[in-house]
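**Q** Position 286, counted from 1, in the sequence shown is what numbering that gives the first Met the number 0 calls 285; the numbers after and before it change by one each time, with no gaps.
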Amino acid sequence: MISKTPLEDWILKKISPKKDSSNLSRATIENFQLEKIKETIAYARLKSPFYKKLLAGFGSNPVRSFQDLSILPFTTSDDLKDQPMQFLCVSQSTIERCVTLQSSATTGSAKRIFFTKEDLEHTLDFFHHGMSTLVKAGDRVMILLPGDRPDSVGDLLSRALLRINVNSIKHGFVTNPEKTLNDVLKDDITCLVGTPVQILALFRCNKGKENLKDRSMKVLLTTDYVPSIISTVLENIYNCEVYSHYGMTEMGYGGGVECSARCGHHMREADLFIEIIDPKTGKILPDGEMGEIVLTTLNRIGMPLIRYRTGDMSRFLTNPCPCGTVLKRLDKIACRINSVVYLASGEPLFMPLLDEALFELPDVMDFTAELENKGDKDCLKIKLVLAAQANDDEVCAAAMKKIKLIPQIEASKKQLFIEPVKYISDLIISSGTQKRTLSDNRKEQSYTSGEFEGI
Ligand SMILES: [Zn+2]
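1. Under the three-state reduction of DSSP, which class applies to residue 13: helix, strand or coil?
2. So is residue 250 buried or exposed if we call it buried at 16+ other beta carbons inside 10 Å?
3. Give me the Cβ distance between residue 139 and residue 188, rounded to the nearest whole Å; I'm assuming they're in contact under 8 angstroms.
4. Just to confirm, are residue 62 and residue 36 a CB contact at a threshold of 7 angstroms?
5. Quick one, which of 66, 72, 38, 46 has its alpha-carbon nearest residue 54's?
6. Return yes when the Cβ of residue 160 is within less than 7 angstroms of the Cβ of residue 130, no when it is not.
7. What's the gap between the Cα of residue 466 and the Cα of residue 30?
8. Kindly indicate which residue of 324, 407, 253 has the alpha-carbon position closest to the one of residue 119.
9. Going by alpha carbons, who is nearest to residue 209 out of 225, 236, 190, 186?
10. When the Cα atoms are used, what is the spatial distance from residue 154 to residue 417?
11. List in chain order: all unbroken alpha helix (DSSP H) runs of 4+ residues lying wholly within the stretch 335-398.
12. Looking only at its own chain, which residues have a Cβ that is under 8 angstroms from the Cβ of residue 437, when we skip the five neighbours before and after it?
13. At a cut-off of 6 angstroms, would you count residue 204 as near ligand 1, judging by its Cβ distance to the nearest heavy atom?
14. Name the two residues that bound the continuous alpha helix (DSSP H) containing residue 42.
15. Looking only at its chain, what residues have a beta carbon closer than 6 angstroms to the beta carbon of residue 219, apart from the 5 residues adjacent to it on each side?
16. Between residue 258 and residue 122, how many whole angstroms is the CB-CB distance? I'm expecting something under 8 angstroms.
17. Per DSSP, residue 237 forms a beta bridge with which residues?
18. By Cβ distance below 6 angstroms, which residues in the same chain neighbour residue 228 in space, the five residues on each side in sequence not counted?
19. Per DSSP, residue 317 is paired with what?
20. Can you tell me whether residue 404 is buried or exposed? The criterion is at least 16 other CB atoms within 10 Å of its CB, across all chains shown.
21. On the DSSP bridge assignment, give the partners of residue 467 in chain order.
22. So, does the stretch 285-297 touch the stretch 309-328, judging by three or more C-beta pairs under 8 angstroms?
23. What does the alpha-carbon distance come out to for the pair residue 399 and residue 255?
24. Applying the criterion that 16 or more other CB atoms from any shown protein chain within 10 Å of the CB defines a buried residue, is residue 4 buried or exposed?
25. Would you list the residues whose beta-carbon is nearer than 6 angstroms to any heavy atom of ligand 3, in the order they occur in the chain?
26. Identify the continuous alpha helix (DSSP H) that holds residue 272 and give its terminal residues.
27. When DSSP labels each residue in this structure, what does residue 324 get in the three-state scheme?
28. Rounded to the nearest angstrom, what separates residue 447 and residue 224 at their Cα positions?
29. By DSSP, does residue 181 sit in helix, in strand, or in coil?
30. Taking C-alpha atoms, which residue in 207, 322, 234 lies nearest to residue 264?
31. Under 7 angstroms between the Cβ atoms of residue 383 and residue 366?
32. Just to confirm the assignment, what range does the beta strand (DSSP E) spanning residue 217 have?
33. Of all the options 272, 278, 124, 260, which has the alpha carbon lying nearest to the alpha carbon of residue 296?
34. May I have the straight-line CA-CA distance separating residue 456 from residue 205, to the nearest angstrom?
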């Protein structure tokens, strides 16, 4: 029995507090979104120096329809790095939480995202209703995300769970899977929330293999990209019920969560308006077509965002969700645009392709991948993090076979040297704070492209 997503009732109450859920329709949602978009644009132009300047040439009421919205300029992550204070619509003293996002150690400036108390309440409210999809009073959740600081993502989630009488432990990122496992067992945890690789490591460490198989855990995998193979392994080998959450700090941490049908994310449609665009032309794509996710906030007070390009690729699914909701479904994230690297052969390579191939091997807990030059060829180097009891040489040989079967690598074999796969250690390496990416250390960057094509 598939229950309708609890987000539908929640969104209806936000849109029209007096009506019952049978009245929610796409038209009701879209009318509400359009009104909120108009309000957000008027508010941001009045209060934010960035939007005042960006939208200066667009008349006093530039948006009367979604079509009008599509001609407004985009906001990019570079804008958030270059001039974050220019986005602020309130005085700094009203800001309750500021998040600094360093994209990588080598690129200087960082994005800064600001939230007021009201903004954080919208996130709490989403976490409360979103989590009620998978947990109920009496469950015990372990949050494998940062939670020490007030209003951090783990702290907000923990507070939201208390609203449905669910206790949680703010554990933070996993640094030692065996040690975390001890806490999971000691505290009789029924649900884990964390990044896919960190959660997989818990199940694949010695103690996890012995103790987690028959516990029927609920698992919420949260990040931009969830490898399908990790969901499959957790469901088929470890009997978990696996849900995916898609979100980013710019969305107010939370974006959308799967219902019990577990086939696409239902988004916070009363808080966020999502467009899918062609990343090359900027044109809006119809539902069903893969493109870049673009975000407009509908009720953000501290730092509204208008047509913010997320860099994530996905699509809206066109057939109705088996749960029967009128809410749309955003498919799983395919990849991040700027993480696609082009091989000398012209073929694209990106981490999800390697993830799907390598995490199928039962003793692989994590890995790194980098590209270097070797003469006139590319050289791909893979290093595996393996479970303690693994036969290292056997797993490395199996990994080598798997990599060679990836179609983009198979098509590049004349111009690609694959260094024999090595193993590093049995310690987990993806801390969770940085996104896992394919590092491109080639001197000739002529094959690298930030553009998305042919995937
Ligand atoms: Zn659904």
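Every residue gets a Cβ at the ideal spot worked out from N, C-alpha and C, and that includes glycine.
**A** In short:
1. helix
2. buried
3. Rounded, the Cβ-Cβ distance is 5 angstroms, consistent with contact.
4. In contact: residue 62 and residue 36 (Cβ atoms closer than 7 angstroms).
5. 72
6. yes
7. Nothing can be reported for residue 466: it is not among the residues displayed for the chain, which extend from 0 to 454.
8. 253
9. 236
10. 43 angstroms
11. 350-357
12. Cβ contact annotation for residue 437 (same chain, cutoff 8 angstroms, sequence separation greater than five): 338, 340, 348, 349, 350, 353, 368, 369, 370, in chain order.
13. no
14. 25-46
15. Contacts found: 192, 242, 244.
16. Contact doesn't hold; Cβ gap of about 19 angstroms is too wide.
17. Note: residue 237 sits in no beta bridge, so no partner.
18. 355, 358, 359
19. Bridge partners of residue 317: none, in fact.
20. exposed
21. Outside the shown range of the chain, which is 0 to 454, sits residue 467, and nothing can be said about it.
22. yes
23. 36 angstroms
24. buried
25. This structure lacks ligand 3; its bound ligands are ligand 1.
26. Not the alpha helix (DSSP H): residue 272 falls in the beta strand (DSSP E), residues 271-276.
27. Coil at residue 324, not helix or strand.
28. A caution first: residue 447 carries a pLDDT of 42, below 50, which makes its placement in the model too unreliable to give a value.
29. helix
30. Comparing Cα positions, the closest option is 322.
31. yes
32. 217-222
33. 272
34. Lying before the first or after the last residue shown, residue 456 is absent from the chain, which here runs from 0 to 454.
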